[in-house]
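FYI, in the working numbering the residues of the sequence shown are 209 to 326.
Heads up, the beta-carbon is just placed ideally off N, CA and C, and yes, glycines get one too.
Only a predicted model underlies this, so the values are computations on that prediction, with no experimental measurement involved.
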Amino acid sequence: MSGSKNILRDKSYQFALQIVQLSRKLDEQRDYVLSKQILRSGTAIGALVRESEYAQSKADFAHKLSIALKEANETEYWLQLLFDSQLIDQSVFNELRALCIEIIKIATASIKTAKGIK
């Protein structure tokens with residue numbers, strides 16, 4: 209299921225790197241609970257995308273990406289909460305949320321393709 213250029217793989221990995229940096233900043237502010245929540249969900253996306261590359265079937269591929277999609281949706285929630293709680297600024301929120309939404313769109317399209325849905 210993997211190709212030579214996997215946009216979802218690349219974007220989810222870059223997103224994970226940015227989430228790690230955000231988590232470190234939150235730890236510095238002693239916001240440990242929110243830091244761990246967003247670190248877990250934000251890095252799980254890329255791990256699940258990687259796992260999907262070696263899926264045993266199209267159904268398995270779609271299932272793994274569906275879980276990644278859920279993690280992305282949860283991460284978007286944490287980003288919104290961090291912003292609304294004034295723990296991250298507008299520019300950080302906008303950048304991370306835009307990338308998260310892009311990942312959601314790509315994952316959704318990949319799932320539909322795997323399931324034969326147009």
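Tell me the rounded alpha-carbon separation between residue i and residue j.
i: serine 299; j: asparagine 281; result: 20 Å
i: isoleucine 246; j: leucine 287; result: 8 Å
i: leucine 234; j: alanine 267; result: 37 Å
i: threonine 169; j: isoleucine 275; result: Outside the displayed range of the chain (209 to 326) lies residue 169, so it cannot be described from this structure.
i: lysine 213; j: lysine 326; result: 23 Å
Taking residue i and residue j to be in contact with their CB atoms under 8 Å, please state how far apart those CB atoms are, rounded to whole angstroms.
i: isoleucine 311; j: serine 220; result: 6 Å
i: leucine 290; j: leucine 256; result: No, leucine 290 and leucine 256 are not in contact; Cβ-Cβ is about 22 Å, not under 8 Å.
i: lysine 278; j: glutamate 259; result: Not really, about 14 Å apart at Cβ, beyond 8 Å.
i: isoleucine 253; j: phenylalanine 301; result: Not a contact, Cβ separation roughly 17 Å.
Near residue i, what residues of its chain come up, given a Cβ to Cβ distance below 7 Å and the 5 sequence neighbours on each side ignored?
i: alanine 270; result: Ile319, Ala322, Lys323
i: cysteine 308; result: Phe223, Ala280, Thr283, Glu284, Leu287
i: serine 249; result: Glu279, Glu282, Thr283, Trp286
Output needed for residue i: all residues of its chain with C-beta closer than 8 Å, excluding positions within five of it in sequence on either side, in chain order.
i: lysine 244; result: Ser231
i: glutamine 237; result: Leu295
i: isoleucine 215; result: Ile314
i: arginine 174; result: As displayed, the chain neither begins before 209 nor continues past 326, which places residue 174 out of reach and without an answer.
i: threonine 251; result: Ala224, Ile227, Val228
Given a threshold of 16 other Cβ atoms within 10 Å of its Cβ, counted over all protein chains shown, does residue i qualify as buried or as exposed?
i: leucine 304; result: buried
i: serine 265; result: exposed
Beta-carbon within less than 6 Å of residue i's beta-carbon, same chain only, minus the 5 sequence neighbours each way: which residues are those?
i: serine 293; result: none
i: tyrosine 240; result: none
Looking at the ligand SAH, does it come within less than 7 Å of residue i, judged from the CB to the closest heavy atom?
i: tryptophan 286; result: Looking for the ligand SAH in the displayed structure turns up nothing, as the structure carries no ligands at all.
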